[in-house]
Amino acid sequence: METFEKLVDGFYAQVRNDDLIGPMYPDDDWEGAQQRLTWFLVQYWGGPQLFSEQRGHPRLRMRHAPYPIDMAAHDRWLELMGNSLAQIDEETIPPAYRAMIWDHMERVAAMLINRAP
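Quick note, the numbering used here runs 30 ahead of the 1-based positions in the sequence shown.
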């Protein structure tokens, strides 16, 4: 769980100052957003079912539908997540696992696009 906390903390440190996707997050829920993403990733990668226990089924498309996610937001989300992933050393996340995590991030980011160019 600690590794995913580092990944998510690094991501949200950037998102808070980002002019494109930062405004999609409510100012009073940064910690909640970080916690939910951490729970989701831990659960997805085989850890405790924290997200489901606290929030129910992930329903990612439904939960993200209110936010205008276009290709620019998709690209920025991946850029910031990639920056965060790059800050975690290869001993903590070996290359093979890093590739699997990145593949997942790309698939989810593409799935959440809900606005035409």
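Glycine residues also receive a C-beta, built at the ideal position from the N, C-alpha and C atoms. Here the structure is a predicted model, which means the values were calculated and not measured.
- When DSSP states are grouped into helix, strand and coil, L115 belongs to the helix group.
- In the three-state DSSP reduction, Q64 falls in the helix class (H, G or I).
- Burial state of Y127 is exposed, judged by a 10 Å Cβ sphere holding fewer than 16 other Cβ atoms.
- Secondary structure at T122: coil, using DSSP grouped into helix, strand and coil.
- A straight-line Cα-Cα distance of about 15 Å links H104 and P96.
- By the Cβ rule, the segment 32-45 counts as touching the segment 56-75, because three or more pairs are nearer than 8 Å.
- The segment 40-51 and the segment 120-137 do not touch, with fewer than three beta-carbon pairs separated by less than 8 Å.
- In this chain, the alpha helix (DSSP H) harbouring D39 covers E32 to V45.
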